[in-house]
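Numbering (the UniProt record's numbering), first residue to last: 1 to 154.
Using N, Cα and C, we set each Cβ at its ideal position, and we do this for glycine too.
Here the structure is a predicted model, which is why all the values come from computation and not from measurement.
A short write-up of the structure that comes next.
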């Protein structure tokens, strides 16, 4: 099992939205960054654990836990001309973009703000892309040690 952090703007899709979906599961579609796509396509597997992170909001931070609930597959929004995520270069024969299903597990007892996480950047969270200056990735790996430490902050 691997550990991940996935960012979403709560105005667009929040942890509460995930919890309200049928089966508490939703495809994580619309990712249009090759590095994030490669992690979803090549490394994520069902059962992997995910920190759900709210970004671009008053208090950005980790708000809950989800899990990968399905094998990676082509992102159908890339093929839909009506979708804001449409990519005319992506075809069924040669899909450029992939997604995974994400399932709600639970809310954290409290939001763990980015500002608090950054105070640990020189310690156990050293190497976590989230606490590095200028990081813009929406999906990133988390080591087992970082996962356990962040959970201890709850």
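Selection from 145, 41 and 60 that minimises the alpha carbon distance to residue 95:
41
What's the gap between the Cα of residue 67 and the Cα of residue 102?
6 Å
Beta-bridge partners of residue 49, as assigned by DSSP:
3 and 67
Within the UniProt domain "EVE" (2 to 152), note down every full beta strand (DSSP E) run reaching 3 residues or more, in order along the chain.
3 to 8, 25 to 27, 49 to 54, 61 to 68, 101 to 113 and 139 to 142
Should the segment 28 to 40 be called in touch with the segment 137 to 144, which here means at least 3 C-beta pairs below 8 Å?
Yes: the two stretches touch, three or more of their Cβ pairs being nearer than 8 Å.
Checking 9 Å against the spacing of the C-beta atoms, do residue 98 and residue 15 come in under that value?
no
So, for residue 118: in the same chain, excluding its five sequence neighbours on each side, which residues have a beta-carbon less than 6 Å away from its beta-carbon?
131
Quick check: the segment 5 to 25 against the segment 48 to 59, are there 3 or more CB pairs under 8 Å?
yes
Nearest to residue 144 (by Cα), restricted to the options 19, 12 and 48
48
Taking the alpha carbon of residue 58 as the reference point, which residue from 112, 87 and 152 has its own alpha carbon closest?
112
Given that a residue counts as buried once 16 or more other Cβ atoms are within 10 Å of its Cβ, and exposed if not, what is residue 146?
buried
Using only CA atoms, which one of 152, 150, 78 and 121 lies nearest to residue 32?
In terms of Cα proximity to residue 32, the closest of 152, 150, 78 and 121 is 78.
Tell whether a beta-carbon distance below 9 Å holds between residue 71 and residue 100.
yes
Rounded to the nearest angstrom, what separates residue 3 and residue 128 at their Cα positions?
12 Å
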